[in-house]
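J.: Taken in sequence, the protein lines are chains A and B.
All the letters of the first sequence, read from the start, carry residue numbers 1403 to 1538 under our numbering.
All the letters of the second sequence, read from the start, carry residue numbers 1120 to 1222 under our numbering.
Positions of the beta carbon are idealized from the N, C-alpha and C atoms, including for glycine.
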Amino acid sequence: MTEPVTASVRIAAPPEVVFPYFTDPALAVKWIANAAYLDARPGGTLAIDVRGNPARGEYLVVDPPHRVVFTWGIEGRQDFLPGSSTVEVVLQADGDESVVTLTHRDLPSEDYRRSHREGWGEFLGLLAERAGSSPA
Amino acid sequence: MLRALADPHRREIVRLIQDTELPAGQIAAHFTLTQQAVSQHLTVLKRAGLLEERREGTRRLYRFQPASLEPVRAMLDEFWPDALQRLKRVVERDHPKRGAEGS
Chain A
1403 MTEPVTASVR IAAPPEVVFP YFTDPALAVK WIANAAYLDA RPGGTLAIDV RGNPARGEYL
1463 VVDPPHRVVF TWGIEGRQDF LPGSSTVEVV LQADGDESVV TLTHRDLPSE DYRRSHREGW
1523 GEFLGLLAER AGSSPA
Chain B
1120 MLRALADPHR REIVRLIQDT ELPAGQIAAH FTLTQQAVSQ HLTVLKRAGL LEERREGTRR
1180 LYRFQPASLE PVRAMLDEFW PDALQRLKRV VERDHPKRGA EGS
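#1: Taking its Cβ as the centre, do 16 or more other Cβ atoms sit within 10 Å of A1409/A, making it buried, or is it exposed?
#2: How many angstroms separate the CA atom of P1422/A from the CA atom of A1442/A?
#3: Would DSSP call D1201/B helix, strand or coil?
#4: Between the segment 1490-1509 of chain A and the segment 1195-1209 of chain B, do three or more beta carbon pairs fall short of 8 Å?
#5: Since P1444/A sits in a beta bridge, which residues does DSSP pair it with?
#6: Below 7 Å between beta carbons is the criterion; list the residues of the segment 1432-1461 of chain A that meet it against any residue of chain D, in chain order.
#7: Going by the beta-carbon positions, is the gap between Q1137/B and A1147/B smaller than 8 Å?
#8: For the 8 Å Cβ check, are there 3 or more pairs between the segment 1444-1457 of chain A and the segment 1473-1493 of chain A?
#9: Suppose the cutoff is 7 Å on Cβ atoms and the five residues either side in sequence are ignored; what does the same chain contact list for F1482/A look like?
#10: Answer yes or no: does any C-beta atom of chain B fall closer than 8 Å to that of S1517/A?
#11: Tell me the rounded alpha-carbon separation between T1447/A and Y1461/A.
#12: Who are the near neighbours of R1163/B in its chain, counting only those whose CB is closer than 6 Å to its CB and skipping five residues on each side?
#13: Buried or exposed, going by whether 16 or more other CB atoms sit within 10 Å of the CB of A1428/A?
#14: With distances taken Cα to Cα, identify the nearest neighbour of D1213/B among E1405/A, K1432/A, V1407/A, V1411/A.
#15: Would A1156/B be called buried (16 or more neighbouring beta carbons within 10 Å of its own) or exposed?
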């Protein structure tokens, strides 16, 4: 098992305002996606294009305005297929603000790299494309 | 580091030396490139920390540094914090706090 990636942010708006940005495609495109198809109910599809990468998953928990959990992967990426990892977002009210905590679990492990060497060239290419398209 | 891998020749070099240490000449022999071009690719990869260079007499030997790639994880380590910062900016722009604008 690999350690989860975590990130959090404080936003000057209550959870009721922030939550839909994780479930409404029209709002998702404002911050995370170039394009989004979101069917925000358990078992519903999450499909967003992030910097040209097709991120795909399935909503597992939709509990407005405090918690949303979805699977996450990149279509066509053997090391990171849709369904292979899980993102949990928790929104806590603090006065009239929100603290958003995101935890991304079950990420691909080192072992994967050792056992899937043949796919490396393609994999590295995809990585490089992603990095190349990032604003940094 | 990732830009170093954007070039297909450099990715091929990484593949060649991911399990074994090879001298520059032997790496160059796999390509139709000039030895100088291969040498430049090796320099880029070395600067990116992707390979280790060792001298043995006049030969230079190269080996891949597997620890240099923590691929998906490293990317997400930056991706989610960046994304949440964007979320913050967007939400706070869309929903300015009453009174916070000084109106």
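T.: According to the data block:
#1: Answer is buried; the Cβ neighbour count reaches 16.
#2: Computed Cα separation, rounded: 10 Å.
#3: Residue state, collapsed to three classes: helix.
#4: With the rule of 3 Cβ pairs closer than 8 Å, the segment 1490-1509 of chain A counts as touching the segment 1195-1209 of chain B.
#5: Looking at the DSSP assignment, P1444/A forms no beta bridge with any residue, so it has no partner.
#6: Looking at the structure shown, chain D is missing, and the protein chains on hand are A and B.
#7: Not in contact: Q1137/B and A1147/B (Cβ atoms no closer than 8 Å).
#8: Flag = yes, the segment 1444-1457 of chain A and the segment 1473-1493 of chain A touch.
#9: Here F1482/A has G1475, I1476, P1510 as same chain residues with Cβ atoms under 7 Å from its own Cβ, once five neighbours each way along the sequence are excluded.
#10: Model confidence at S1517/A stands at a pLDDT of 36, short of 50, so the residue's coordinates are unreliable and nothing is read from them.
#11: Approximately 6 Å between the Cα atoms of the pair.
#12: One detail in the question is off: residue 1163/B reads as Val in this sequence, not Arg. A1123.
#13: In this structure A1428/A is exposed. Its beta-carbon is surrounded by fewer than 16 other beta-carbon atoms within 10 angstroms.
#14: Closest by alpha carbon: K1432/A.
#15: By the 10 Å Cβ count, A1156/B comes out exposed.
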